[in-house]
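Heads up: the protein sequence lines correspond to chains A and B, in order. So the first sequence is numbered by our numbering: it starts at 112 and just counts up by one. So the second sequence is numbered by our numbering: it starts at 112 and just counts up by one. Yeah, the Cβ is synthetic: ideal placement off N, Cα and C, and Gly gets one too. Taking it in order: structure first as structure tokens, then the write-up.
2 protein chains.
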Amino acid sequence: MSVMRLDDHQLAVRVTHRAAGIPAPENFKLVESAIPECPAGGVLVRVMLCAVDPAMRGWLSAEANYMTVPDGAVMRAHGVGEIIASNSSKWQVGEQVFGWLGWQRFAAIRESDLLWRIDTKIAPAESWLSIFGLNGLTAWVGFLHLARPLAGQTVLVTTAAGGVGSVVGQLAKAHGLRAIGIAGGREKIRRAVAQFGYDKAIDYHAADTPLSPQIAAACPSGIDIFFDNTAGHLADSVFPHLNVGARIIQCGTAAISSWLPPPTGPRRERDMLVKRLNWQGLVAFDHASLFPKALQELQDLHKAGKLIAESDILDGLENAPGSIQRLYRGENQGRLSIRP
Amino acid sequence: MSVMRLDDHQLAVRVTHRAAGIPAPENFKLVESAIPECPAGGVLVRVMLCAVDPAMRGWLSAEANYMTVPDGAVMRAHGVGEIIASNSSKWQVGEQVFGWLGWQRFAAIRESDLLWRIDTKIAPAESWLSIFGLNGLTAWVGFLHLARPLAGQTVLVTTAAGGVGSVVGQLAKAHGLRAIGIAGGREKIRRAVAQFGYDKAIDYHAADTPLSPQIAAACPSGIDIFFDNTAGHLADSVFPHLNVGARIIQCGTAAISSWLPPPTGPRRERDMLVKRLNWQGLVAFDHASLFPKALQELQDLHKAGKLIAESDILDGLENAPGSIQRLYRGENQGRLSIRP
């Protein structure tokens, strides 16, 4: 049993109602209660950190999505923590874990909500939410497995300094590709190049130069892989520079604030046909069988000094209800999480 | 040397200038001359039939395309014919061939313009432009190789009664899939079901019922493969019915009459991501190494009575300049070609 804080009681963030667009503070409420019991067959986890992810927007949407969090439920979130009670034969008190812990201090959950063990002696808790968490796995699956990169090719990544983009840049560098990043703001493009392996980064906030000629200049041999986290007008600037046979990995749609009604844009059918593009939607969990292999390579790269994590931790669950907006405003520097 | 017609002299259709949209008669001129000499190292072919293909629109476009026919040149076209003179060690007089013969009576061409031998004793000349030509190979590569169909899945095909679509339907039936076709007009949907293997076909000309509910009714288990020859509003009606993990093969864009300026439509990034779609542009020649295998299976299916060809042959090269418009108006019943 770990030492607990003096103010120990349960604190959880619950969903109040569906969000139109990006979830805001009014879509949540903070609920205080006693520390829950350890459920039959399950575990009780003290949460060290819980994640804030772009995908959360979809989980609160009234539209169909691959995952949803119903009104009234504790907000679904990945987290890392330590088991403080167990009625499970698979999980022991004292083990550190990554899983669906939610936005709360104590997670009374089923065995199946735990995904894998972590070890804060190898890397601090926040690394297990970033480079060794779903961001790292998403980057690995999307870039190395689905996009089939070859040394010497060019990859362009949107939200290059974000949780996934920062890993793609470092994987690209480690595998001998030219990596070009697009990010918002001088600090992010500085970090994309200085820390995340990018050969060059373009600031889409700098409105003085149109994006397309900057992309052309940064990609003299065109783009072989487009790892897209934004969609929208940023993606529109990238498409004309894709090479024949280029692969597009759709990992996020951060630049579109609402899909109700569906926004319009340039039709892509002719690009798809004439350039024989391959466009693939990416949800890392579809490839969970690859996670052990991916985690091993990510840890090897980390040990070799070729993969770093950067974290932005908000202290206190009272910051959670506004944290998704914060993420979409791009205010975070590194993987955003909450210490509950 | 074959027996020649009494009026034998060269007649060729040359491109006069770029076409905005679908090439019209004014983009071509008919030029008469003496029968050309057999070129050094090449062959002289008497053309039996020359093809009219949707892709020709792109070849005359001022926009970038994977292939272009310059102003002044004989219109590029696949054709079947017989070698009447040869300066090549690879090709003999009397052999029947498929290749880039062009819209002309006599093709004085290089060895490399010939693609493979044909045999009109196995099937008539027109079959070598359809089920055993690029239509059949495109259907085979796109459907069986790229879309990875499984028995029991549902495939939806636009221009289901067209040159490629009519083969996809028959391949789908032979491989145990449910095939749904979209085509324009009562006669085409009748033939899609009666002759081309479709379980059901939807007439997009019948304006009384919106397309989307008809697609939903025809595809009770959703759509696993979308083989798209049209793009545009027809494709927009299909996207909501795609299953998670569906594959989209972009084989044509027949519903879009001009890409200058680029037309707009619903943004696809969210569909791509949430449904983890895979969208692939198809140009059969990228997969030429598979052609022998494909041709063997197509011939086996034909022998087994599971693959039929339908042809619409225009008599005389004077019909060639208007034939692309005719194709896009959907007036042909079966694979359109010209007997020069």
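For B/V278, no beta strand (DSSP E) encloses it; the enclosing alpha helix (DSSP H) starts and ends at 276-285.
In the DSSP assignment, A/E237 falls outside any beta strand (DSSP E) and carries neither an H nor an E. Taking 8 Å as the cut-off, the beta carbon of B/A175 is found no closer than this to the beta carbon of B/L371. When Cβ-Cβ separations below 8 Å define contact, A/N430 makes no contact with chain B. Linking B/D347 to A/G169 through their CA atoms gives a straight-line distance of about 22 Å. Around the C-beta of A/Q203, fewer than 16 other C-beta atoms lie within 10 Å, and the residue is accordingly described as exposed. Contact of A/N389 with chain B is assigned, a C-beta pair being separated by under 8 Å. If you keep only unbroken alpha helix (DSSP H) runs of at least 4 residues inside the stretch 189-252 of chain A, you get 245-250. A direct Cα-to-Cα measurement between B/L438 and B/Q207 gives close to 27 Å.
Contact annotation: B/A342 and B/I367 have beta-carbon atoms nearer than 8 Å. A distance below 8 Å separates the beta carbons of A/L141 and A/L428. When C-beta atoms of the stretch 221-240 of chain B are compared with those of the stretch 253-270 of chain B, fewer than three pairs fall below 8 Å, so the two segments do not count as touching. Here A/E193 has S113, V156, R157, M159, G205, E206, Q207, V208 as same chain residues with Cβ atoms under 8 Å from its own Cβ, once five neighbours each way along the sequence are excluded. In this structure, B/M383 and A/G295 do not form a Cβ contact; the two beta carbons are roughly 22 Å apart against a cut-off of 8 Å. From the beta-carbon of A/W370, the residues of chain B found nearer than 7 Å are R381. Under DSSP, B/R125 shares a beta bridge with B/K140, B/V185. Interface with chain A (8 Å Cβ-Cβ cutoff): B/T179 is excluded. Contact between A/T375 and B/T375 is confirmed by a C-beta separation of about 5 Å, below the 8 Å threshold. Proximity of chain A to B/P324 at the Cβ level (cut-off 8 Å) is not reached, the minimal Cβ distance being about 18 Å. In this structure, the alpha-carbon of A/P451 lies about 28 Å from that of A/R302. Contact annotation: the stretch 234-249 of chain B touches the stretch 273-292 of chain B, with at least three C-beta pairs closer than 8 Å. Relative to B/P373, the option among A/R446, A/L122, A/R381 whose CA is nearest is A/R381. Comparing C-alpha distances from B/I291 to each of B/D182, B/D423, B/I326 shows the shortest one belongs to B/I326. Taken in chain order, the members of the stretch 164-198 of chain A whose beta-carbon sits within less than 8 Å of a beta-carbon on chain B are G169, A175, N176, Y177. By the neighbour-count definition (other C-beta atoms within 10 Å, threshold 16), B/G213 is a buried residue. Look at the stretch 362-418 of chain A and you find these whole runs of alpha helix (DSSP H), each 4 residues long or longer: 380-385, 402-414. As DSSP reads the structure, A/T269 sits in a beta bridge with A/I293.
A/L288 and A/P260 do touch by the CB rule: their CB atoms are close to 5 Å apart, below 8 Å. For B/R450, the three-state secondary structure derived from DSSP is strand. The DSSP-derived three-state label of B/M167 is helix. Between the alpha carbons of B/W227 and B/F217 lies a gap of roughly 18 Å. Of the candidates B/C149, B/G445, B/A312, B/G445 places its Cα closest to the Cα of B/L425. No Cβ-Cβ contact shorter than 8 Å links B/M167 with B/V124. One alpha carbon belongs to B/A184, the other to A/I435, and they sit about 59 Å apart. Annotation: the continuous beta strand (DSSP E) that includes B/D426 extends over 422-426. The distance from the Cβ of B/E421 to that of B/W251 is about 18 Å, inconsistent with a contact at the 8 Å cut-off.
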